[in-house]
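Protein chains in written order, with our numbering: chain D, 1 to 245; chain H, 246 to 465.
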């Protein structure tokens, strides 16, 4: 469904992505693991053109895009087919929970307000916030805000949702509610690309795991093999380190 | 204070108040409204980094902030006629005050725009909105809330700055006080009374500011 070929990205002298290739099939839940600074987040941001890659190709179904020189029209088309969930939620502070979810539908997709609200309420119900439609982000906990952000991404009916460390800014007690929403999405067959430090999510929910370091993919494997019988030495060390906790 | 002075003060009070209502307030409201539009435009072209317009905006802010308003007023009212541009006094004052408000407030608005976390712009892109949709629907409403107290400051400042219009023969509060005083020679008391009228106007504005700030606060 989505294929990324040979993507490169530098910030000044710092090479962050050094030729990453990635294939995403419909229904895949891919966890991207790796130490800080390995390029996980940058990879995700390049896929949604929040960062402009230096070079690389994206094939989305039958459409091919140059990741460096895509036009703003092409970018808009790609963004219509993807959702993005940020580490810091990035909710619109001047909109209610429902307003956050419907804003893109009404403004970008020119949907009627009533229809957008119906979809928006459904999306909020789905993430367990049916009693919080009219709350502003400042009145919600971190976990609730992140669930609104997920509802915002889901409401646009994307083909794939990109999650950038969705639980990293949360209190330990609130991580569970966000992960359980993501687990539900995965079980409904949503295609998801999740940059995360949540090993249990990678182990139990995702079907594929990618390990990145220094701007390259060290290993990509199905999650069972990744955790039980990894190919690369670096991944074996990683799994030893995390199981020592 | 003699009975005569009290009588003069009471008689002149309505003249001064009327001058304030008929001249100072319209001058302030018109200039501030135009100034705010200029400020928003000037701030936006800088935040959006629009080439040429951005440099023009910086140049405009530089000139206005770097020269006295009194000099600007004299250039427009007494200077421009010598190159064939004759503007009525009131128009000249509105022009100068609007440009001044525009320049100072553009910096306020620019800072407020930049204070909204950039992540919300990215989130807007991700739900398919374009830059100007994000600006007008998400960023500007939040920025104006942040900018409200300093903009109120500028408004209150402008009420008092309109007294400069006295110099181009606009009969506002100050000029009215001056005229009465030159007849009765009670300069001290009439200037005090003029100050009192300004104080009333500014007190009302400060009260309104607090009222609306509280309202904005409950709305977030």
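Every residue, glycine too, gets a C-beta built ideally from N, C-alpha and C.
Item, Value
"Could you please give the first and the last residue of the uninterrupted alpha helix (DSSP H) stretch that includes residue 3 of chain D?", "Segment 2-11 is the beta strand (DSSP E) holding residue 3 of chain D; no alpha helix (DSSP H) there."
"For residue 384 of chain H, which of H:424, H:323, H:359 and H:337 has the nearest alpha-carbon?", "H:359"
"In the DSSP output, what is residue 438 of chain H paired with across the bridge?", "Beta-bridge pairing links residue 438 of chain H to no other residue."
"Which one or two residues does DSSP pair with residue 429 of chain H in a beta bridge?", "In DSSP, residue 429 of chain H forms no bridge with anything."
"Here's a check: name, in chain order, each residue in its chain whose Cβ is nearer than 8 Å to the Cβ of residue 92 of chain D, leaving out the five neighbours to either side.", "99, 100, 103 and 137"
"What does DSSP give as the partner residues of residue 60 of chain D in its beta bridges?", "D:2 and D:63"
"With distances taken from CA atoms, which of D:109, D:155, D:162 and D:189 is nearest residue 49 of chain D?", "D:162"
"Following the continuous alpha helix (DSSP H) through residue 186 of chain D, name the residue where it begins and the one where it ends.", "172-187"
"Grab the span of the alpha helix (DSSP H) containing residue 31 of chain D for me, first residue to last.", "Taken as a continuous stretch (DSSP letters only), residue 31 of chain D belongs to no alpha helix (DSSP H), being part of the beta strand (DSSP E) at 29-33."
"Check the Cβ-Cβ distances between residue 104 of chain D and every residue of chain H, and say whether any is below 8 Å.", "yes"
"Checking the sheet assignment: what are the DSSP bridge partners for residue 209 of chain D?", "D:31 and D:221"
"Can you give me the Cβ contacts of residue 116 of chain D inside the same chain, cut-off strictly under 7 Å, excluding the 5 residues immediately before and after it?", "102, 105 and 106"
"Does the separation of the CB atoms of residue 411 of chain H and residue 420 of chain H fall below 8 Å?", "yes"
"In chain order, what residues of the same chain have a beta carbon less than 7 Å from the beta carbon of residue 143 of chain D, not counting five sequence neighbours either side?", "170, 174, 177 and 178"
"Contact criterion: CB-CB distance below 8 Å. Does residue 354 of chain H meet it with respect to chain D?", "no"
"Count the other CB atoms within 10 Å of the CB of residue 322 of chain H; is the residue buried (16 or more) or exposed (fewer)?", "buried"
"Could you round the C-beta distance between residue 16 of chain D and residue 7 of chain D to whole angstroms and report it? I think they count as a contact, below 8 Å.", "Not a contact, Cβ separation roughly 10 Å."
"Checking the sheet assignment: what are the DSSP bridge partners for residue 18 of chain D?", "D:8"
"What is the DSSP secondary structure of residue 237 of chain D, counted as helix, strand or coil?", "helix"
"Hey, is residue 254 of chain D's beta-carbon within less than 8 Å of any beta-carbon in chain H?", "This structure gives no information on residue 254 of chain D, because the portion of chain D shown stretches from 1 to 245."
"Out of D:167, D:181 and D:58, state which residue places its alpha-carbon closest to the alpha-carbon of residue 68 of chain D.", "D:58"
"For residue 196 of chain D, which of helix, strand or coil comes out of DSSP?", "coil"
"Among D:215, D:10, D:14 and D:158, whose alpha-carbon lies nearest the alpha-carbon of residue 77 of chain D?", "D:158"
"Mind listing the chain H neighbours of residue 84 of chain D? Cutoff is C-beta to C-beta under 9 Å, in chain order.", "367, 368, 370, 371 and 372"
"Could you compute how far the alpha carbon of residue 377 of chain H sits from the alpha carbon of residue 185 of chain D?", "32 Å"
"Alpha carbon to alpha carbon, what distance is there between residue 356 of chain H and residue 301 of chain H?", "18 Å"
"Relative to the alpha-carbon of residue 332 of chain H, which residue among H:349, H:415 and H:283 has its alpha-carbon at the smallest distance?", "H:415"
"Can you give the beta carbon distance from residue 338 of chain H to residue 318 of chain H, rounded, assuming they're within the 8 Å contact cut?", "7 Å"
"Where does residue 49 of chain D fall in DSSP's three states?", "coil"
"Determine which residues of the region 146-168 of chain D have a Cβ less than 7 Å from any Cβ of chain H, and write them out in chain order.", "152 and 156"
"Have a look at the DSSP bridge pairing and note the partners of residue 253 of chain H.", "DSSP lists no partner for residue 253 of chain H."
"Given a cut-off of 8 Å on the beta-carbon distance, is the pair residue 223 of chain D and residue 206 of chain D in contact?", "yes"
"Should residue 304 of chain H go down as buried or exposed, given a rule of 16 or more other Cβ atoms within 10 Å for buried?", "exposed"
"Report the CB separation of residue 439 of chain H from residue 261 of chain H in whole angstroms; it is logged as a contact under 8 Å.", "6 Å"
"So is residue 351 of chain H buried or exposed if we call it buried at 16+ other beta carbons inside 10 Å?", "buried"
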